[in-house]
């Protein structure tokens with residue numbers, strides 16, 4: 004099993020550009036989520052999904068869109084990149100059985116917006 | 564979700580037990596205590612979790628106080644590879660509510 008796979012590993016964007024961060028999991032997990040990590044701030048939830056076709060906002064959703072058309076994939080779209088979106092982005096998944104099962108994280112995408 | 568409080572940093576000698584405390588005084592009855600760690604800028608790695616009872620696995624032990632307001636992660640024989648940021652989080656048990664709050668964690672440094 005590959006687990007949670009994120010691509011790309013690194014990305015540099017100019018202000019105003021758009022892009023999609025990819026996240027795929029091969030564990031048939033119902034729950035998937037996106038976090039961003041900034042220095043000194045821990046991980047903050049951007050968006051999450053409890054199953055295909057269902058998404059919801061997290062703590063810091065502004066500037067980001069998500070969709071969940073399949074169980075395996077949960078892409079994160081930056082509509083118009085801003086320097087404030089420079090961060091490390093982590094995708095995570097979980098079987099969807101609630102707090103009794105751990106989240107599995109990908110290895111992240113490091114995004115720089117100039 | 565309940566919030567957690569951890570010391571910002573700790574040191575531990577190699578080969579000794581590392582004891583990392585976490586306060587979660589507002590934890591609810593259906594919230595689990597989870598521990599993750601992050602080495603450099605890799606993705607968070609799951610360590611252990613528990614609800615009420617103490618737990619042990621191949622990586623660590625988790626001690627939860629009887630009132631559940633605090634817990635301690637124990638790495639029994641710390642190695643240099645255990646140097647990382649350790650996060651304590653609480654998490655509800657209901658399907659569909661997976662909003663987690665990661666704080667700033669404890670930076671554990673293992674000293675040779």
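Chains as they are written, first to last, in my numbering: chain A, 4 to 117; chain B, 564 to 675.
Where a beta carbon is used, it is the ideal one built from N, C-alpha and C, also for glycine.
Min CB distance residue i to chain A below 7 Å
{"i": "residue 649 of chain B", "result": "no"}
{"i": "residue 589 of chain B", "result": "no"}
{"i": "residue 666 of chain B", "result": "yes"}
CB of residue i within 7 Å of CB of residue j, strictly
{"i": "residue 685 of chain B", "j": "residue 635 of chain B", "result": "Since the first and last residues shown for chain B are 564 and 675, residue 685 of chain B lies out of range."}
{"i": "residue 185 of chain A", "j": "residue 99 of chain A", "result": "No answer is possible for residue 185 of chain A: it lies beyond the span of chain A, which begins at 4 and ends at 117."}
{"i": "residue 74 of chain A", "j": "residue 95 of chain A", "result": "no"}
{"i": "residue 81 of chain A", "j": "residue 69 of chain A", "result": "no"}
{"i": "residue 595 of chain B", "j": "residue 105 of chain A", "result": "no"}
{"i": "residue 71 of chain A", "j": "residue 83 of chain A", "result": "no"}
{"i": "residue 667 of chain B", "j": "residue 45 of chain A", "result": "yes"}
{"i": "residue 61 of chain A", "j": "residue 50 of chain A", "result": "yes"}
{"i": "residue 669 of chain B", "j": "residue 569 of chain B", "result": "yes"}
{"i": "residue 673 of chain B", "j": "residue 641 of chain B", "result": "yes"}
{"i": "residue 702 of chain B", "j": "residue 602 of chain B", "result": "Residue 702 of chain B cannot be examined here, being either before or after the span of chain B that is shown, 564 to 675."}
{"i": "residue 77 of chain A", "j": "residue 35 of chain A", "result": "yes"}
Contact with chain B by residue i, beta-carbon distance below 7 Å
{"i": "residue 19 of chain A", "result": "no"}
{"i": "residue 78 of chain A", "result": "no"}
{"i": "residue 110 of chain A", "result": "yes"}
{"i": "residue 114 of chain A", "result": "no"}
{"i": "residue 11 of chain A", "result": "no"}
{"i": "residue 6 of chain A", "result": "no"}
{"i": "residue 105 of chain A", "result": "yes"}
{"i": "residue 24 of chain A", "result": "no"}
Can you list, in chain order, the residues of the segment 53-66 of chain A whose Cβ is nearer than 7 Å to any Cβ on chain B?
-> 53 and 61
Below 7 Å between beta carbons is the criterion; list the residues of the segment 598-617 of chain B that meet it against any residue of chain A, in chain order.
-> 604, 605, 606, 607, 609 and 612
Minimum length 3: unbroken beta strand (DSSP E) runs contained in the segment 7-48 of chain A | 7-10, 13-16, 22-28 and 34-40
Can at least three beta-carbon pairs, one atom from the segment 638-653 of chain B and one from the segment 569-586 of chain B, be found at a separation below 8 Å?
-> yes
Which runs of the beta strand (DSSP E), 3 residues or longer, sit entirely within the segment 600-656 of chain B?
-> 608-613, 624-627, 633-638 and 647-655
Ordered list of beta strand (DSSP E) runs contained in the segment 73-110 of chain A, each at least 3 residues = 79-81 and 90-97
Members of the segment 26-47 of chain A near chain B, C-beta cut-off 9 Å | 33, 34, 36, 38, 40, 43, 44, 45, 46 and 47
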